[in-house]
Every structure is written in C-alpha cells, then in structure tokens.
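Novice: Below are the structure tokens for one structure; questions will follow.
2 protein chains.
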Amino acid sequence: MTQQTEPARRKPLNRDRVLRAAVALADRAGIEALSMRSLAHELDVVPMALYKHVANKEQLLDGMVDVIVGEIDPPAGDADWKSAIRRRILSARRALLRHPWASRVIESRTSPTPGVLDYLNSIIGMFRAGGLSADLTHHAMHALGSRVWGFTQELFPASPGPAPADADPQALAALLGEMATRYPHIIEIVLARPHDGESVVGQGCDDQFEFEFALDLLLDGFERLHRQGWTSAERF
Amino acid sequence: MTQQTEPARRKPLNRDRVLRAAVALADRAGIEALSMRSLAHELDVVPMALYKHVANKEQLLDGMVDVIVGEIDPPAGDADWKSAIRRRILSARRALLRHPWASRVIESRTSPTPGVLDYLNSIIGMFRAGGLSADLTHHAMHALGSRVWGFTQELFPASPGPAPADADPQALAALLGEMATRYPHIIEIVLARPHDGESVVGQGCDDQFEFEFALDLLLDGFERLHRQGWTSAERF
DNA sequence: CAACCAAGGTGTACGTCGTACACCTTTGCG
DNA sequence: CGCAAAGGTGTACGACGTACACCTTGGTTG
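First to last, the protein sequences are chains A and B.
Under the UniProt record's numbering, the very last position in the first sequence is 236; numbers go up by exactly one each time.
Under the UniProt record's numbering, the very last position in the second sequence is 236; numbers go up by exactly one each time.
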C-alpha cells in the first residue's frame, strides 16, 4: 500500500514544469491574469509551493522569457550576413507573435537573463562574421534596439544593472572572465567603444551618440527614398 | 470668523495640481514609489480625495504623460524638414531624460492621450510639409517607432485600443469627424495605406510590412556604412 | 530495517495596493 | 436663508507577493 491517500499520486513539480505552465497560462488568459496564486491553482498546488522552484515572481518572468527565446530558430549557416540576420530576427518576431504578452515582459525585465545574452551574443557574432567592425556592430545593435526581438524598444537601461557595488573585486574579475568565454562577442563590442575610458566593465557607451546615430540613419534613409520617388509597391 | 478650525485654510485641489505633484513625486522618489496613497499623503489629503480629480490610477499616469509631452519644444518653423524633425525629436529626448520614469510609463500606456496625439500629429505634419507622401510618412513613423519619443519602442499595440465595439455607430462617426479636424495628419496617413480594405477606422496597416520596412532600411544602412569603411569618428 | 534528512508541499498571516461606497463639510448662488 | 453641488473623509474589501513555521514524503546509509 504505497499510495493509499490520493486517487492519483502527483508527480513532483520542477522549475521547467512551472515555467511551461506559466507560459501556457499567459498565452491562454493573458499576462495580467498570471499571478502566483492563479499559477499555483493551475498546477493544483498551494501558492507557496512555487517558491521552492522560483525565487520570486521576477525570476518567474525571467524564466518565461528564456522559454520564448528558446523558440527562436538557430542561425542558418549558409547565407550572407545580411539575410542571415534578417531571417533570424524575423524568426524572433514569429516567436514573439506567438506569445503576445512576451514583448511587454521582455520590456519590463530590468537585467538580462542567460538565454537573452546568448541570443544577443549570437546576433553580434553574425555581424562580426560578416566582416563588420566591432564599432559599427555596436552601433548597429543600438540602432536595431528592440527590433532584434521582432518588436521595438530600448534593449536595457544600463547593461548589467546598477553596477555591482556589493561583491568583492576578485569575484567580479572571475565573473568577467566567465562572461568573456561565454559571451565573447558581447564583451568585444562593449569594450570596443573608444571614448569615455570608464572603469572596469563597459558602460563607456555614449547613449546620446547611439540615439543620434540611429536617428540620422533613419532620417537619411527616408530622404533617400523620398528623392527616389519610392512607393510602397517596390522593395528597395 | 470664516476660518476658525484650521491653522491655514487649504486651497482646494484640482486635476492640474494633482498631476504636477505626481510628476514631482515620481521624479524624486521613483515611479515605483508612486501610489495613490503616497501621492495623497504628499498633498496632505486622504487617498480617496484624489478620485475626485482623476478617475483612477491609469488616468493619473495618462495625465502625467501629457505633462511631460507638454515640455517638448514646439516645432521650429525655419529649417528644412529633416533638421526640424531631428531637433524636435531630440527635444523630446531631453524632456524624457529629465524624467527617467517617463519612457516606461509611456510604454505601458494602452491607448494614446490627446497630448500624445497632438505631438504625433505635428511630427507627421512636418514630414508632409517637407513633401514626403502620406504613404512614405506612414512607414517612416513606424520605422521611427518609439524613437519619436527620444527612446526606442513600439508606439501602440493597435491604434485606438481593441476596436470600440460598444458605442453606437452614430457616436462613432461623430468621434471620427472630431478626430479628423483635430488630428488631420494622423487621419490622413492612417487612411493612406492602400492594401487591406479594412472596415471603418484604419487598422488596415500591415504590421509585418512595417517591421520589414524598418528592418531593411537599417540593415541596408549598416551595409552601406560598412562598404564605405565608416568609423565612428565621422558623421555620415 | 530503522533512523534520518533534505527536498517538496502546506497553512497562516502580514503589509501593500487600488478603489467602492456612504458619509460629512464647505462654498457659492438664488 | 437654504440648498445643492463640489470637494474631502473613513471604513472596508478583495486582490496581490511572500515571510515563516510547519508537515510529509522518499531515498540513503549506518
């Protein structure tokens, strides 16, 4: 008599099942209907049980983002950089359109998750593989902004949050080394900006410059199309 | 003896004072510290008193956005369209940088306020005055995305919310007429898109097309700069 | 095989939020 | 003077996230 109490023994939860259930619930009922309580109810469990698998609701949302990021197709190796990047970004767009809440959740994240960094790193790698300089790639990433996601918005307020003033410098150096091997392309373009010799980790990035770079690129593009008498029937 | 009870008679609140206090509080303490309770406390009033001046917290945030939008410089009449628009957008950027919470609040708004519509309408007017077609202007607005605000993000999920299925068609027509006189440029470009003969109000806007338009404009721009061996020292 | 222990699930409770609703107070006007 | 509207109050409710102490399992090991 190993199972007398319940009609069917419930198999234990794990982080992955929690995240998938959260994604499914958000898809079905909308992100505003996703609360720790409603999710717990969905899983036939008491709200506090979830906290054995995710630290808090913020981490739950982070995890959900990574689930969606995992749905983006991997890079297609063959084509030239431009169409390869184009394809990848349109794939990201399709993934985000499948989960209408996802773009808003990505927006609201305050610091990037590993899955997000992987994705950005690989996009940067595609630019670099195409021969673009680290500097130009840096600007390109800013100009794309949230368009790398298939929607439109600023990437992150400041790269790694409000400067880890807590940890000791040794642990910080170790962390930096770890990042350098895992996200080499990110590290490269973060360090590539010439001006503003800031302290250790990047941050030497002139937001105003990035903004004007993208703005002028767009305005010049509009002007060029205008002068050519472009109409939406044509591809350009 | 018209004022015996209080040491100093409090002058009555009004919507404007509420909004300004809310902006000031968000500036000082951060947007996450702005609650109906904290704002009421700030104004030496009980929380429910605020509801005599704003319908709910959403409308409070809407009003705060309009306060910030009111800080954007009016168009400068002289210059060519490109630099006039450039100047205006950079002015918007400065306004938003003064209130770091504002971009996140604008993002979170679900439907545009009158002040926002005024601003967008006038930017569109500047494109049109420069001679660009309504069609090209439409795409340009999408491509700029939230960059018209001085930051980066999608403008609105769908123009006027989830299609007013409630009101009777007569009131809807009246509303449309009202909009046409107040926001003529907006109406023009909304109606300009040729394909997708959708019902009454706009919505005949192919998001996928808009996304690819902007994406290709940017990618082509990157490629052009790359071929020219551009480096960030130069303006282009 | 008994003892144990960590991993997983529970129950209760707290503080915060937005806001509904009924009430009182002040003020300006006929 | 009297009265209605405009403005301010007090209480209360139902969400929310989550701290904390507790119980229940099932696998490992002496």
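For each residue, glycine too, the CB sits at the ideal point set by N, CA and C.
Tyrosine 119 (chain B) and valine 69 (chain B) - do their beta-carbons sit closer together than 8 Å?
Specialist: Residue 69 (chain B) sits at position 69 when you count from the first residue of the second sequence. Residue 119 (chain B) sits at position 119 when you count from the first residue of the second sequence. Yes, the pair counts as a contact, with Cβ atoms nearer than the cut-off.
Novice: Whole angstroms is fine: what's the gap from tryptophan 101 (chain A)'s alpha carbon to aspartate 78 (chain B)'s?
Specialist: On the first sequence, residue 101 (chain A) is found 101 positions in, with the first residue counted as 1. On the second sequence, residue 78 (chain B) is found 78 positions in, with the first residue counted as 1. In this structure, the CA atom of tryptophan 101 (chain A) is about 43 Å from the CA atom of aspartate 78 (chain B).
Novice: Comparing C-alpha positions only, which one of A:Gly30, A:Met48 and A:Ala29 sits nearest to arginine 37 (chain A)?
Specialist: Position 37 of the first sequence, counted from the first residue, corresponds to residue 37 (chain A). Comparing Cα-Cα distances from arginine 37 (chain A) to each of A:Gly30, A:Met48 and A:Ala29, the minimum goes to A:Met48.
Novice: Find the nearest neighbour of serine 111 (chain B) within the set B:Ile124, B:Thr137, B:Gln59 and B:Gly125, judged by alpha-carbon distance.
Specialist: Position 111 of the second sequence, counted from the first residue, corresponds to residue 111 (chain B). Closest by alpha carbon: B:Gln59.
Novice: Going along chain A in order, which residues have a C-beta closer than 7 Å to the C-beta of aspartate 135 (chain B)?
Specialist: Taking the first residue of the second sequence as 1, we reach residue 135 (chain B) at position 135. Simply Thr231 and Ser232.
Novice: For isoleucine 89 (chain B), would you say it is in contact with chain A, using Cβ-to-Cβ distances shorter than 8 Å as the test?
Specialist: Counting from one through the second sequence, the residue named residue 89 (chain B) turns up at place 89. Chain A contact via Cβ: present.
Novice: Using a Cβ-Cβ cut-off of less than 7 Å, list which residues of the UniProt domain "HTH tetR-type" (12-72) of chain A approach chain B; keep chain order.
Specialist: none
Novice: Let me see if you follow: with CB-CB separation under 8 Å, is glycine 221 (chain A) close to chain B or not?
Specialist: As a first step, residue 221 (chain A) must be located in the first sequence, where it is residue number 221. Yes, its Cβ sits closer than 8 Å to a Cβ of chain B.
Novice: 8 Å is my cut-off, CB to CB: does alanine 76 (chain B) come that close to chain A?
Specialist: If you number the second sequence from 1, residue 76 (chain B) lands on position 76. Using a Cβ-Cβ cut-off of 8 Å, alanine 76 (chain B) does not count as an interface residue toward chain A, since no Cβ of chain A sits closer than that to its own.
Novice: Do we get a CB-CB distance below 8 Å when we pair leucine 96 (chain A) with the residues of chain B?
Specialist: Counting from one through the first sequence, the residue named residue 96 (chain A) turns up at place 96. No, because no Cβ of chain B sits closer than 8 Å to the Cβ of leucine 96 (chain A).
Novice: With proline 12 (chain B) as the anchor, note down where its alpha helix (DSSP H) starts and where it stops.
Specialist: Locating residue 12 (chain B) in the second sequence gives position 12, where the first residue counts as 1. Unbroken run through proline 12 (chain B): none, as it is neither H nor E.
Novice: Below 7 Å CB to CB, which residues in the same chain sit around valine 54 (chain A) once its five sequence neighbours on both sides are set aside?
Specialist: Position 54 of the first sequence, counting from 1, holds the residue named residue 54 (chain A). Once the five neighbours on either side are set aside, the close Cβ partners of valine 54 (chain A) are Arg15, Val18, Leu60 and Gly63.
Novice: Pull up the distance between the alpha-carbon of aspartate 220 (chain B) and that of threonine 113 (chain B), whole angstroms please.
Specialist: On the second sequence, position 220 is the one that residue 220 (chain B) refers to. On the second sequence, position 113 is the one that residue 113 (chain B) refers to. Between aspartate 220 (chain B) and threonine 113 (chain B), the C-alpha separation is close to 35 Å.
Novice: So with CB distances below 9 Å, who are the chain B contacts of glutamate 178 (chain A)?
Specialist: Locating residue 178 (chain A) in the first sequence gives position 178, where the first residue counts as 1. Chain B residues near glutamate 178 (chain A): none, gap ~29 Å exceeds 9 Å.
Novice: Decide if the region 214-230 of chain A is in contact with the region 133-144 of chain B; the criterion is three or more beta carbon pairs, one per stretch, under 8 Å apart.
Specialist: yes
Novice: Below 7 Å CB to CB, which residues in the same chain sit around glutamate 42 (chain A) once its five sequence neighbours on both sides are set aside?
Specialist: Locating residue 42 (chain A) in the first sequence gives position 42, where the first residue counts as 1. Result list for glutamate 42 (chain A): Ala21 and Leu25, in chain order.
Novice: Does chain A have any CB closer than 8 Å to the CB of glutamine 228 (chain B)?
Specialist: On the second sequence, residue 228 (chain B) is found 228 positions in, with the first residue counted as 1. Not an interface residue.
Novice: Please state the DSSP three-state secondary structure of glycine 221 (chain B).
Specialist: The count along the second sequence starts at 1 and reaches residue 221 (chain B) at position 221. Here glycine 221 (chain B) sits in helix by DSSP.
Novice: Could one say the Cβ of arginine 86 (chain B) lies closer than 8 Å to chain A's Cβ atoms, at least one of them?
Specialist: Indexing the second sequence from 1 puts residue 86 (chain B) at position 86. It does: the Cβ of arginine 86 (chain B) has a partner Cβ on chain A nearer than 8 Å.
Novice: Between which residues of its own chain and histidine 31 (chain A) is the CB-CB distance below 6 Å, once the five residues before and five after are set aside?
Specialist: Counted from its first residue, the first sequence places residue 31 (chain A) at position 31. The amino acid at residue 31 (chain A) is misidentified as histidine; the sequence shows isoleucine. For isoleucine 31 (chain A), same chain residues with a beta-carbon under 6 Å away, outside a window of 5 residues either side, are Trp101 in chain order.
Novice: What would DSSP say about glycine 125 (chain A), mapped onto helix, strand or coil?
Specialist: Taking the first sequence and counting its residues from 1, one reaches residue 125 (chain A) at position 125. Residue state, collapsed to three classes: helix.
Novice: If the cut is a Cβ gap below 8 Å, which residues of chain B does histidine 139 (chain A) touch?
Specialist: Counted from its first residue, the first sequence places residue 139 (chain A) at position 139. The contacting residues are Ser232.
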